[in-house]
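Residue numbers (my numbering): 800 to 1052.
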């Protein structure tokens, strides 16, 4: 059975392991540098990125994580994990945080606002549908989510999301709905791939649709027959908008 590492310092690592299990793949928790030697691919989950960075620094994980990426081993970061993998991060707390890097992009932390501004939306995902089948859209769950505001020429955009154009120029200010000042629509990037690295600003692990996990497994050449059936009926998916906001997982990327 294929084995995928899931960074288990904080955040939604249990949910990623459960999604992998649905595909017949064993996900193992990674907390120490030497454990990375036992896996050929890695998922960095969503969570509180500053807390994750402090824990990674405490366990001396950053050198091992950077080496893992530089060796060309497949790595996927969701939400806070996306911030970890970016070469640059904007909108950070005072003092910033250490990054793993490798993904040629600038990620804005908490681009979409606070916990109460978390949302779900249908994202157009033609590349995912082409490779994994199923609908041309994916239900993206954004919880205190980041967004990619700049991407290098070698970065493949897998999904984007429309925003008011002034959000890109005032990304450090709180999200507001200024009806009297209607702006033209622009887009921010919310899912990318660059070689062995994949990043999503949303949380596929919180849905019943495992196509992103299957896509990643095929990147890692570990899926084979095990990930051949990646779709779960849509009616099984959990809708965040139907739950009270205080029931949302508390992530602060």
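Every residue, glycine too, gets a C-beta built ideally from N, C-alpha and C.
These numbers come from a predicted model, not from an experiment.
| field | Those residues which DSSP pairs with residue 889 across a bridge | value | Under DSSP, the beta-bridge partners assigned to residue 889 are 907.
- Task: Could you tell me which residues DSSP puts in a beta bridge with residue 997?
- Result: Per DSSP, 875, 992.
* Asked: Pick from 914, 986, 923: whose alpha carbon is nearest that of residue 949?
  -> When only C-alpha atoms are compared, the closest one is 986.
Margin query: Along the chain, where does the beta strand (DSSP E) containing residue 946 start, and where does it finish?
Written below: Per DSSP, residue 946 belongs to the beta strand (DSSP E) from 946 to 950.
- Same chain only: Cβ atoms within 7 Å of residue 887, ignoring 5 sequence neighbours per side: Closer than 7 Å at the Cβ level, and outside the excluded window around residue 887, lie 905.
Straight-line Cα distance separating residue 802 from residue 897: Cα to Cα, the separation comes out at about 27 Å.
Quiz item: Among the residues of its own chain, which have a CB less than 7 Å from the CB of residue 881, if the five just before and after it don't count?
Solution: Cβ-Cβ distances below 7 Å link residue 881 to 906, 945, 998, 999, 1000 in the same chain, with the five nearest sequence neighbours on each side left out; the list follows chain order.
*Tell me whether residue 1004 is buried or exposed, calling it buried when 16 or more other Cβ atoms sit within 10 Å of its Cβ.*
Burial check for residue 1004: the Cβ neighbour count within 10 Å reaches 16 or more, so the residue is buried.
Assign residue 857 to buried or exposed, taking buried as 16 or more other Cβ atoms, counted over all protein chains shown, within 10 Å of its Cβ.
So residue 857 ends up on the exposed side.
Discussion item. Tell me the rounded alpha-carbon separation between residue 954 and residue 994.
Written reply: Using only the alpha carbons, I get a separation of about 8 Å.
- Going by DSSP, which residues form a beta bridge with residue 986? Partner(s): 961.
Check your understanding: Is the beta carbon of residue 836 sitting closer than 8 Å to the one on residue 808?
Key -> No. Outside cutoff.
In whole angstroms, give me the CA-to-CA distance for residue 817 and residue 963.
Going by the C-alpha atoms only, they are around 36 Å apart.
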